[in-house]
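*Asks:*
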Amino acid sequence: MLHLSCHTGGRPIWSDALCAFLADDFNKEMQCVGAANGQYALDKIIEESVIAGINAAKLSGNENHDFSSNVNKELDILKPKVETYLASKAQAIFHIPHAKATFMAPKQFVDFQLDVTAAGIELAVAEGFESIEHVKRYTALGFGTDQGKISNINGMAIVAKKLKQSIAETGTTIFRPNYTPVTFDAIAGRNVNSFFDVERYTPLHREHIKLGALFEDVGQWKRPWYYPDDNETMNEAVARECLAVRSGVGLLDASTLGKIDIQGKDAREFLNRVYTNAWSKLPVGRCRYGLMCGEDGMVFDDGVTACLAENHFIMTTTTGGAAHVYQWLEIWHQTEWPELDVYFTTVTDQWATMTISGPKARFLLAKMTDIDLNPESFKFMDWREADVVGVPSRIFRISFTGEQSYEINVPANYAVVVWEKLLEYGQEFELTPYGTGTMHVLRAEKGFIIVGQDTDGSVTPADLNMGWAVAKNKPFSFIGQRGMNREDCLREDRKQLVGLKTKHPNQVLPEGAQIILQPNQPIPMKMVGHVTSSYFSAALGHSIAMAVVKNGINKLGDSVYLPLDNGETVEANICSPIFYDPEGAKQNV
Amino acid sequence: MFLIHCPICNEPRSEDEFHCAGEGHIQRPLDPMATSDKEWGDYLFFRSNPRGTYRELWQHTIGCRKYFYIKRNTETYQIYKTYKLDDKSERVALDKEHSNKNKFGDLL
Amino acid sequence: MYNCYQQTPSDLSIKKQLSMYHISTEIKASNAHYLLEEVEYGHLNIRVGRENRCFTQALHDVTGLQLPKTSLQVVQNDEFRLYWISPDEFLLLVAVGREFEIEKKIRANIKNTDSANHYAILNVSSAQAFLKLSGSRAQSIIKKSTAYDIHPSNLPVGKAVTTTFAKTQVILCRTKEKDLNTTSNSEEYSIIVRRSFSDYVWRWIVDAGKRE
Ligand SMILES: [Zn+2]
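Chains as they are written, first to last, in this note's numbering: chain A, 693 to 1281; chain B, 187 to 294; chain C, 26 to 237.
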């Protein structure tokens, strides 16, 4: 009971008469009766209980009984007759007296669980620990599984005696939950094994299993990682999948991307405020890439948003950022700009997204739909409504690989049939399913960032050399604009995103490796940045890496050094992070 | 676990349905670009963090998804009241507390 | 103004896969103590302020339903069921396959075509799964899964709450009260869950259904 009172913030009060601690009246809504209140006589206990019961009934508001104002009268009615008897006053022996000093006398154990003795407690006091909290930590008094229920009062009394003060002055330590030991089993409950965390599946999960995919955890999602052929290692499978996309056509399940439907006449204005770039002129049928920053000017999400109709947009977010972005839009709308007419709805689960990417993507898509795929009319960054093998879909011509690429969005209920047909028609083009492993390499070859991998919450659009994605003349000060113009964000020597090419083309740098300018300096070395992404590019035949380096954008061509944990120091050259098709020609064809 | 009364759903709900979004009644400068680095820093980074009465912005995340305010005691966890965003009474009370603090300085 | 899109194939031979397709095409799980089913509906998410008379009139013209008067309320008739989700969000369930027709009808019935007329309708039939749980163990399964007080005095038929369910969230409803004439506990609940979480909720219930 004393514990419960402590849990609400109360401090126990010592009663000399009872030789016990009692709850204080910190919590005005708490009533103690009976032994909990230091009351041991039966008739008194009943009396207190009746009064407390009346009070509780009144406070609860569920008062059916018309209580008289005279509590004694109530007691006469409600209280049963019991025999009263006299109990003698409690007497305490906290510390057995002995002719010798405690440390000379036979051992007196106080805490039976942790073998704390009376002599040990006296020693703590002699060492200068006067606060009971300090004595507890010095001696381990009350640290056992009983949490001092057996020993604490005796221990405190010994401290009080030694300090020549009362137990009330000495006080007690604070009781915290739990009152009795609770097993981990009880806490875990059924949240074990496959229920330990939620596993989210895309509508195509079963198809991936059929193709022998290995899965990667991305947030709570299970995403296909790579699809190994017999005996293939991960590196071999990823290299094969990468080459297939660059030379033919690949298929990726991108359903996990966050999708938010935005409707309302002020949708554009809202986008202008939450994205760093401008949205006023995006025509119906077109898509645009956008960066989202916090008020501090740091990038926290990115994605492509499409204009579906004049007042209707669909925003995509990173897989991991979907919930946060949705909450972000809501908090700004509800708390700062409720006057803007706009509604947001999560539609991540509504649409299954199948991306076909590679120079043969259009040939494959042409087998699946009748719409005009002529690149003159269905251009890069366009989207179209289409019937794909009989399933109504929205096709976005956007690219995370740098290749000709179509993201086919269909209602999740009809995703499987489209996937099956893609595999069927794709045979002719050696369509290769690829997973997140390959997706990461392909995007890095193009220097496309992954928020949370190449950024860490301290990176502005300028640091990413993405000033082109920041509008200079938007009338409303968009979120992040003021932050990215703080003095510190304008420094020239901030860490900036660059590419790294190792001197030995086969050396793949470890992600997280630190970068230095002079290889022969004493430890601690002056670190100027680190590797954020690093892969072997099968298409280019050498390793590639993205890194953030102080003032890196102005250091293109310079040599840097990376001391590795095996003692080796690797030399690399700073280069543009766009390793493949720097003109961006391939995604437009 | 304790219960929080959602003023929108209008019933008490388990604490784990809610998400705290930090101190409430923080005014975003109307023209951010016109603020000094200090003013902007104050808005962005500095919070009052009192011992005692505190007004916070919360969201009924697993529920109606609306934001609302909680006036509570940081020492005892007692919730005095929960109120909707358009309830201006606490805003008025808060302004009064601030002006008193400015007037009397350390006396309070 | 809005992209209102027919999302179901006109070719009826194209098979639909509900959220639990990868576990079973039967979409049922049961033992002597419980029955769990996935039920097909058309789901339309509606965003509108109660003060938008023009929209609520159109909604009424098409469905015969008024917006729920109080929070957490569900209103329904023979054809439609309308859930209060938040003060400006409602979920309209329609017979499977009718979602596009109903969406078009509501939009067509809105007299005020000014772009300032603020509302949103969205077909989310693929985005969420409707699960039905019944049987003598239904009540204890739900009790073990949510902190929400499901006593009939707090969760009567006609009320829907978005709340926690194991480690995820669902819209929970009591759809049938205990039949006083039978000794068996014949309560029935509906659980609306986001599609990608339905596997977790499904397996959780199946696991719970095996336990005493
Ligand atoms: Zn609520």
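Glycine residues also receive a C-beta, built at the ideal position from the N, C-alpha and C atoms. This one's a predicted model, so the numbers in the text were calculated from it and none came from an experiment.
1. Spell out whether any CB of chain B is found under 8 Å from the CB atom of A/I1023.
2. Can the beta-carbon of A/V1200 be found closer than 8 Å to that of A/G1221?
3. Between the segment 1223-1235 of chain A and the segment 925-934 of chain A, are three or more C-beta pairs nearer than 8 Å?
4. In this structure, what does DSSP give as the bridge partners for A/P654?
5. Output the distance between the C-alpha atoms of A/Y1109 and C/P34, rounded to the nearest integer angstrom.
6. Helix, strand or coil for B/D292, going by three-state DSSP, please let me know.
7. For C/R78 and A/I1006, what's the separation of their Cα atoms in angstroms?
8. Let's see if you can read the secondary structure: which residues bound the alpha helix (DSSP H) around A/D1292?
9. Beta carbon of A/Q800, beta carbon of A/A791: below 8 Å?
10. Under a Cβ-count criterion, where at least 16 other Cβ atoms within 10 Å of its own Cβ denotes burial, should C/G160 be classed as buried or exposed?
11. On the three-pair Cβ rule with 8 Å, is the segment 1123-1138 of chain A touching the segment 912-925 of chain A?
12. A/P789: buried (16+ other C-beta within 10 angstroms of its C-beta) or exposed?
13. Mapping DSSP to helix, strand and coil, what is C/D86?
14. How far does the beta strand (DSSP E) with A/E1099 in it reach, from first residue to last?
15. Mind checking the segment 1150-1183 of chain A against chain B and listing, in chain order, the residues whose C-beta falls within less than 8 Å of any C-beta there?
16. When you check each C-beta in the segment 1078-1099 of chain A against every C-beta of chain C, which residues fall closer than 7 Å?
17. So that I know if they touch, is there some Cβ in chain B lying closer than 8 Å to that of C/A233?
18. So that I know if they touch, is there some Cβ in chain A lying closer than 8 Å to that of B/F188?
19. Under 8 Å, do A/L1021 and A/I952 count as touching if we go by C-beta distance?
20. Count the other C-beta atoms from every protein chain shown that fall within 10 angstroms of the C-beta of A/E1275, then say buried if there are 16 or more, exposed otherwise.
21. For ligand 1, any of its heavy atoms closer than 7 Å to the Cβ of B/C206?
22. Would you kindly report the start and end of the unbroken alpha helix (DSSP H) that includes A/I813?
23. Cβ of C/R75 less than 8 Å from any chain A Cβ?
24. Just verifying my parser: in three-state terms, what is the DSSP assignment at C/P177?
25. For A/V1162, which residues does DSSP report across the bridge?
26. Under 8 Å Cβ-Cβ, which residues of chain C neighbour B/K252?
27. Looking at the structure shown, is C/D232 part of a helix, part of a strand, or coil, going by DSSP?
28. Give the residues from the segment 182-206 of chain C that approach chain B closer than 7 Å (Cβ to any Cβ), ordered along the chain.
29. If you draw a straight line from the alpha carbon of B/P198 to that of A/K1193, how long is it in whole angstroms?
30. In angstroms, rounded to a whole number, what distance separates the CA positions of C/G74 and C/Y144?
31. Given that B/D272 touches chain C, what residues does it touch there, using C-beta distances under 9 Å?
32. Would you call the segment 970-989 of chain A and the segment 942-957 of chain A touching, i.e. three or more CB-CB distances under 8 Å?
33. Any idea if A/S947 is buried or exposed, counting beta-carbon neighbours within 10 angstroms, 16 or more meaning buried?
34. For the beta strand (DSSP E) containing A/D921, list its first residue and its last residue.
35. By the three-class DSSP mapping on this structure, what secondary structure does A/H1234 have?
36. Just checking: is the beta-carbon of A/A1014 within a distance shorter than 8 Å of some beta-carbon in chain C?
*Replies:* According to the structure shown:
1. For the purposes of this step, residue 1023 of chain A is taken as residue 331 along the first sequence, with counting starting at 1. Chain B contact via Cβ: present.
2. Here residue 1200 of chain A corresponds to residue number 508 of the first sequence, with the count starting at 1. Here residue 1221 of chain A corresponds to residue number 529 of the first sequence, with the count starting at 1. It is not a contact, given that the beta carbons lie outside the stated cut-off.
3. Per the Cβ contact rule, the segment 1223-1235 of chain A is in contact with the segment 925-934 of chain A (3 or more Cβ pairs under 8 Å).
4. Nothing about residue 654 of chain A can be read from this structure; chain A reaches only from 693 to 1281.
5. Looking up residue 1109 of chain A in the first sequence gives position 417. Looking up residue 34 of chain C in the third sequence gives position 9. First, the amino acid is wrong: residue 1109 of chain A is Val here, not Tyr. A/V1109 and C/P34: Cα-Cα distance of roughly 11 Å.
6. Against the second sequence, residue 292 of chain B aligns to sequence position 106. Interpretation of B/D292 is limited by its pLDDT of 49, a score under 50 that renders its predicted location unreliable; the figure taken from the coordinates is listed afterwards. Here B/D292 sits in helix by DSSP.
7. Stepping through the third sequence from its first residue, residue 78 of chain C is reached at position 53. Stepping through the first sequence from its first residue, residue 1006 of chain A is reached at position 314. About 27 Å.
8. An answer regarding residue 1292 of chain A cannot be provided, because it is not within the stretch 693 to 1281 covered by chain A.
9. Taking the first sequence and counting its residues from 1, the one referred to as residue 800 of chain A is at position 108. Taking the first sequence and counting its residues from 1, the one referred to as residue 791 of chain A is at position 99. No, they are not a contact pair.
10. Locating residue 160 of chain C in the third sequence gives position 135, counting from the first residue. Flag for C/G160 reads buried.
11. Judged by Cβ distances under 8 Å, the segment 1123-1138 of chain A makes contact with the segment 912-925 of chain A, as three or more pairs qualify.
12. If you number the first sequence from 1, residue 789 of chain A lands on position 97. Result: exposed.
13. Reading the third sequence from its first residue, position 61 is the one you call residue 86 of chain C. Helix, per DSSP.
14. Position 407 of the first sequence, counted from the start, is the residue given in the question as residue 1099 of chain A. Where A/E1099 is concerned, the enclosing beta strand (DSSP E) stretches over S1097 to P1103.
15. Under the 8 Å Cβ criterion, the segment 1150-1183 of chain A contributes S1169, Q1173, R1174, G1175, N1177, R1178 and E1179.
16. Sequence-ordered contacts of the segment 1078-1099 of chain A with chain C read G1082, V1083 and P1084 [C-beta pairs closer than 7 Å].
17. In the third sequence, residue 233 of chain C corresponds to position 208, counting from 1. Chain B, which has no Cβ nearer than 8 Å to the Cβ of C/A233, makes this no.
18. Within the second sequence, residue 188 of chain B is the residue found at index 2, counting from 1. Answer no: the Cβ-Cβ gap between B/F188 and chain A never drops below 8 Å.
19. Counting from 1 along the first sequence, the entry for residue 1021 of chain A is found at position 329. Counting from 1 along the first sequence, the entry for residue 952 of chain A is found at position 260. For A/L1021 and A/I952, yes; Cβs fall inside 8 Å.
20. In the first sequence, residue 1275 of chain A corresponds to position 583, counting from 1. A/E1275 should be labelled exposed.
21. Along the second sequence, read from residue 1 onward, the residue named residue 206 of chain B stands at position 20. Ligand 1 has no heavy atom closer than 7 Å to the beta-carbon of B/C206.
22. The residue labelled residue 813 of chain A in the question sits at position 121 within the first sequence. Where A/I813 is concerned, the enclosing alpha helix (DSSP H) stretches over A810 to A818.
23. The residue you call residue 75 of chain C lines up with position 50 of the third sequence. For C/R75, no Cβ of chain A is located within less than 8 Å of the residue's own Cβ.
24. Here residue 177 of chain C corresponds to residue number 152 of the third sequence, with the count starting at 1. In the structure shown, C/P177 adopts coil according to DSSP, grouped into three states.
25. Counting from one through the first sequence, the residue named residue 1162 of chain A turns up at place 470. Partner residues in a beta bridge of A/V1162, as assigned by DSSP, do not exist.
26. Numbered from 1 along the second sequence, position 66 holds the residue referred to as residue 252 of chain B. Simply S111 and P112.
27. For the purposes of this step, residue 232 of chain C is taken as residue 207 along the third sequence, with counting starting at 1. For C/D232, the secondary structure class from DSSP, reduced to helix, strand or coil, is helix.
28. When CB distances to chain B are screened at a threshold of 7 Å, the residues of the segment 182-206 of chain C falling below it are T187, T188, T189 and Q194, in chain order.
29. Here the question's residue 198 of chain B lines up with position 12 in the second sequence. Here the question's residue 1193 of chain A lines up with position 501 in the first sequence. Their Cα atoms are separated by approximately 59 Å.
30. One-based indexing of the third sequence puts residue 74 of chain C at position 49. One-based indexing of the third sequence puts residue 144 of chain C at position 119. When rounded, the distance between both Cα atoms is 7 Å.
31. Translated into the one-based positions of the second sequence, residue 272 of chain B becomes position 86. Here the premise fails: no neighbours, minimum Cβ distance about 11 Å.
32. No: the two stretches stay apart, fewer than three of their Cβ pairs being nearer than 8 Å.
33. The residue labelled residue 947 of chain A in the question sits at position 255 within the first sequence. Buried.
34. Locating residue 921 of chain A in the first sequence gives position 229, where the first residue counts as 1. For A/D921, there is no enclosing beta strand (DSSP E), as DSSP gives it neither H nor E.
35. The sequence position of residue 1234 of chain A within the first sequence is 542, counting from 1. Strand, per DSSP.
36. To locate residue 1014 of chain A, count along the first sequence from 1; it is residue 322. No, its Cβ sits nowhere closer than 8 Å to a Cβ of chain C.
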